[in-house]
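Converting from the sequence shown to the working numbering requires adding 158 to each position, the first position being numbered 1.
The structure under discussion appears below in the form of structure tokens.
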Amino acid sequence: MSNIMELLGERDTRVLKTVVIQYIATGEPVGSRTVAKVSGLNLSPASIRNLMMDLEDRGYLRQPHTSAGRLPTALGFRYYVDHVLPVVELGQRIQKQIKNALDLPAAEPQELFRKASRVLSE
């Protein structure tokens with residue numbers, strides 16, 4: 159297993175993206191049949207399984223036990239955030255709202271965390 163992030167090809171990226179999204183939605187390991195249906199790749203579940211095994215060998219996915227689907231690893235989530243997740247620019251109004259909500263004295267970290275949590279949930 160490698161801990162060095164490498165750029166993935168289009169098919170590997172789509173498989174990883176599908177696993178991450180499905181795992182976030184369900185909290186369950188994601189099987190090759192689900193990836194084959196949802197990813198938009200025109201590949202059989204067996205071909206998807208091979209891609210998932212390769213992603214597992216490279217450290218992006220893990221399999222909790224033999225008969226389970228795959229889960230994203232920390233490296234898999236990091237790749238998704240850095241290379242797949244679209245960047246959204248915040249408008250000036252939102253930026254100002256966040257800045258105002260988090261404008262606290264530096265000596266109050268707990269209050270900062272509480273307010274940051276509230277702002278993010280809105």
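Heads up, the beta-carbon is just placed ideally off N, CA and C, and yes, glycines get one too.
For the pair the segment 246-260 and the segment 188-196, tell me if three or more CB-CB distances fall below 8 Å.
no
Please confirm whether L229 and D170 have their CB atoms less than 9 Å apart.
As a first step, residue 229 is located in the sequence shown; it is residue number 71 there, counting from the start. As a first step, residue 170 is located in the sequence shown; it is residue number 12 there, counting from the start. It is not a contact, given that the beta carbons lie outside the stated cut-off.
Range covered by the alpha helix (DSSP H) that runs through R276
Within the sequence shown, the letter at position 118 stands for residue 276. P267 to S279 is the span of the alpha helix (DSSP H), which, as asked, contains R276.
Pick from G227, G185 and H223: whose alpha carbon is nearest that of V173?
Locating residue 173 in the sequence shown gives position 15, counting from the first residue. Cα-wise, what sits closest to V173 is G227.
In the DSSP assignment, what residue or residues form a beta bridge with R220?
Counting from 1 along the sequence shown, the entry for residue 220 is found at position 62. Paired residues: L229.
Using only the alpha-carbon positions, how far apart do A259 and Q253 sit?
As a first step, residue 259 must be located in the sequence shown, where it is residue number 101. As a first step, residue 253 must be located in the sequence shown, where it is residue number 95. Computed Cα separation, rounded: 10 Å.
For L243 and T224, I'd like the C-alpha separation in whole angstroms.
The residue you call residue 243 lines up with position 85 of the sequence shown. The residue you call residue 224 lines up with position 66 of the sequence shown. Rounded to whole angstroms, L243 to T224 spans 29 Å at the Cα level.
One or two residues paired with V188 in a DSSP bridge:
Taking the first residue of the sequence shown as 1, we reach residue 188 at position 30. DSSP output for V188 lists R228 as bridge partner(s).
Determine the DSSP secondary structure at L174, reduced to helix, strand or coil.
Against the sequence shown, residue 174 aligns to sequence position 16. Note: L174 maps to helix in three-state DSSP.
Close Cβ partners of R220 (< 7 Å) along its chain, the five nearest in sequence each way excluded
By one-based count along the sequence shown, residue 220 stands at place 62. E214, R228, L229 and T231.
Would you report the Cα separation of G167 and E269, rounded to the nearest angstrom?
Indexing the sequence shown from 1 puts residue 167 at position 9. Indexing the sequence shown from 1 puts residue 269 at position 111. Between G167 and E269, the C-alpha separation is close to 43 Å.
Residues in the same chain with beta-carbon distance under 6 Å from T176, minus the five sequence neighbours each way, listed in chain order, please.
As a working note, residue 176 is residue 18 in the sequence shown. Closer than 6 Å at the Cβ level, and outside the excluded window around T176, lie V193, V196 and S197.
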